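According to numbering that gives the first Met the number 0, the sequence shown is numbered sequentially starting from 0.
Here a beta-carbon is modelled for each residue, glycine too, at the ideal position from N, C-alpha and C.
Just so it is clear, the structure is predicted and the values come from calculations on it, not from any experiment.
The structure appears right after this line, and notes come after that.
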Amino acid sequence: MKPVKVGVLGLGTVGCGSVNVLTRNAEEIARRAGRQIEVTMAAVRDLDRPRICGTEGIRLTTDPFEVANDPEVEIVLELMGGTELAREVAVAALEQGKHVVTANKALIATHGNELFELAQQKGVMVAFEAAVAGGIPIIKAVREGLAANQIQWLAGIINGTGNFILTEMRDKGRAFNDVLKEAQELGYAEADPTFDVEGIDAAHKLTILASIAFGVPLQFDRAMTEGITKITAEDVAYAEELGYRIKHLGVARKAESGIELRVHPTLIPERQLIANVDGVMNAVLVMGDAVGPTLYYGAGAGDEPTASAVVADVVDVVRAMTADPENRVPHLAFQPDALQDLPILPIEQIETAYYLRISVEDKPGVLADITRILGENEISIEAFMQKDNVDGSSQVPVVLLTHKTLEGRMNQAISAIEALNCVDGSVMRIRMETLD
Ligand code: NAP
Ligand code: HSE
0 MKPVKVGVLG LGTVGCGSVN VLTRNAEEIA RRAGRQIEVT MAAVRDLDRP RICGTEGIRL
60 TTDPFEVAND PEVEIVLELM GGTELAREVA VAALEQGKHV VTANKALIAT HGNELFELAQ
120 QKGVMVAFEA AVAGGIPIIK AVREGLAANQ IQWLAGIING TGNFILTEMR DKGRAFNDVL
180 KEAQELGYAE ADPTFDVEGI DAAHKLTILA SIAFGVPLQF DRAMTEGITK ITAEDVAYAE
240 ELGYRIKHLG VARKAESGIE LRVHPTLIPE RQLIANVDGV MNAVLVMGDA VGPTLYYGAG
300 AGDEPTASAV VADVVDVVRA MTADPENRVP HLAFQPDALQ DLPILPIEQI ETAYYLRISV
360 EDKPGVLADI TRILGENEIS IEAFMQKDNV DGSSQVPVVL LTHKTLEGRM NQAISAIEAL
420 NCVDGSVMRI RMETLD
């Protein structure tokens, strides 16, 4: 049989990683796919830039549409990033009956609903395993492996750059910006690294996971997102003293009234496996009603780990090319006409426990004021710690862990605490999850 011809948009970290894996493992991949796979064309911005992959036999262009429009190309790998141009080229490819494989979570989280509908009409596939958690086959696991279950919740460390930064800061005391620079050099970070450190990239991924877990349309604009830039070395140390690790977590939970969709730094008990996932590694914990908790772990970013997922999608597409489009695995796990209209809950309606760090004057009555405010808001305290002042000032840090409460109540309590004369600056709030 003739080889399947593939066009690649982007020969950066993931594009070149994918070309390298397709070349090195060509024979093994063909035995799995049932056909040889040949990269014939690729689009880049700069034709003269040195690449980490060979380009012999690949026709290079600076026009991504040339690849999408090439009559011989059957599968387009969108590995450029960004949303607008990526969307236009993906639409062009799908319109012409070509399959699209992408690692671009921003594209899927923001334009996935439209792309899936178009793909459905045209009888082709949009595959996006590499878009979530790098090399971990989490899309396949949730969409197919857990298809028997009602998924109750999932929680994941789903940004490699953020986890790499938090780990290096904790273990080696390195400065935030220094570690971010290294993550960029290693090819982990997004083109705009604020996507990594402000939680936007994790929110893109969580949006996708929530849709395939709960059978709801993609709704990235409803996700609550908080980054890691405000986490201090003191918070990391205090959390450890209390038996917790701080991780940047994406949490999606099906509640009675809707779906929680939130990304934020989170205290996790250190006995939990996921609390010990370090460096660029990602992990996703999924709770199904039949299977119970399942944990998926692996490299969350980098050229070949991500290529592993891209190429697996290419193999899936090649295998399915001759199959009846009606009988393929649905893009969002549930049949398109069976997606539910469940609301994404506003953050004020979410219930969780909290770590609070409050800088207070070291004088009688201060703690009484704080506990009174928490009591008035029906918030009960689980643990309390007062630290020594570090710089000879009259302010000392007080650290509290609370039991679960509504975020709306906690917002009111924090406003009242910050208004006290004895309290200096803002209250540091980090949400806590036991993940039991
Ligand atoms: P990258 O290293 O910056 O590579 C992007 C590539 O796209 C470059 O080769 C660039 O060309 C090309 N490109 C960009 N705009 C273009 C345009 N207008 N026309 C033609 N070519 C264009 O990015 P990456 O890290 O590989 O990421 C690619 C995608 O994979 C993103 O969606 C990212 O979120 C996703 N992803 C990345 C990782 C990772 O570990 N890096 C993991 C999972 C998913 P030049 O080289 O000539 O500039
Ligand atoms: N920038 C992303 C990360 C790449 O660090 O997780 C993988 O999606």
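Reference residue i; option with closest CA among the options
| i | options | result |
| --- | --- | --- |
| residue 262 | 413, 198, 109 and 405 | 198 |
| residue 5 | 84, 45, 49 and 68 | 68 |
| residue 215 | 317, 160, 60 and 330 | 330 |
| residue 359 | 410, 425, 412 and 321 | 425 |
| residue 105 | 84, 375 and 277 | 84 |
| residue 95 | 432, 117 and 113 | 117 |
| residue 231 | 212, 256, 164 and 188 | 164 |
| residue 203 | 107, 61, 63 and 417 | 107 |
| residue 115 | 166, 399, 148 and 335 | 335 |
| residue 348 | 223, 301, 310 and 314 | 223 |
| residue 44 | 243, 65 and 37 | 65 |
| residue 124 | 166, 77, 131 and 81 | 77 |
| residue 344 | 353, 256, 47 and 284 | 256 |
| residue 35 | 317, 394, 8 and 417 | 317 |
| residue 145 | 168, 333, 433 and 412 | 333 |
| residue 121 | 141, 110 and 99 | 99 |
| residue 217 | 385, 113 and 392 | 113 |
| residue 409 | 60, 431, 421 and 386 | 431 |
| residue 382 | 388, 352 and 411 | 352 |
| residue 166 | 279, 253 and 38 | 279 |
Expected contact under 8 Å - CB spacing of residue i and residue j to nearest Å
| i | j | result |
| --- | --- | --- |
| residue 250 | residue 259 | 6 Å |
| residue 415 | residue 372 | 5 Å |
| residue 328 | residue 357 | Residue 328 to residue 357, Cβ: 50 Å. No contact. |
| residue 137 | residue 296 | No, residue 137 and residue 296 are not in contact; Cβ-Cβ is about 10 Å, not under 8 Å. |
| residue 264 | residue 225 | 7 Å |
| residue 161 | residue 281 | Actually they are not in contact, since the Cβ atoms of residue 161 and residue 281 sit about 10 Å apart, beyond 8 Å. |
| residue 148 | residue 200 | Their Cβ separation, rounded to whole angstroms, is 27 Å, which puts residue 148 and residue 200 out of contact at 8 Å. |
Any non-hydrogen atom of the ligand NAP within 7 Å of residue i CB
| i | result |
| --- | --- |
| residue 104 | yes |
| residue 45 | yes |
| residue 82 | no |
| residue 129 | yes |
| residue 40 | no |
| residue 11 | yes |
| residue 59 | no |
| residue 136 | no |
| residue 63 | yes |
| residue 14 | yes |
| residue 48 | yes |
| residue 373 | no |
| residue 79 | yes |
| residue 8 | yes |
| residue 54 | no |
| residue 515 | Because the chain spans 0 through 435 in this model, residue 515 falls outside it and cannot be assessed. |
| residue 305 | yes |
In DSSP terms, what residue i is bridged to
| i | result |
| --- | --- |
| residue 380 | 401 |
| residue 261 | 223 and 250 |
| residue 8 | 42 and 77 |
| residue 297 | 281 |
| residue 394 | 360 |
| residue 343 | 258 |
| residue 463 | Since the first and last residues shown for the chain are 0 and 435, residue 463 lies out of range. |
| residue 154 | 250 and 284 |
| residue 31 | In DSSP, residue 31 forms no bridge with anything. |
| residue 268 | 243 |
| residue 351 | 404 |
(request) Closer than 6 Å is what we want: which residues have a beta carbon that near any heavy atom of the ligand HSE? List them in chain order. (result) Working through the chain, the matches are 133, 158, 159, 160, 187, 188, 189, 195, 200, 299 and 300.
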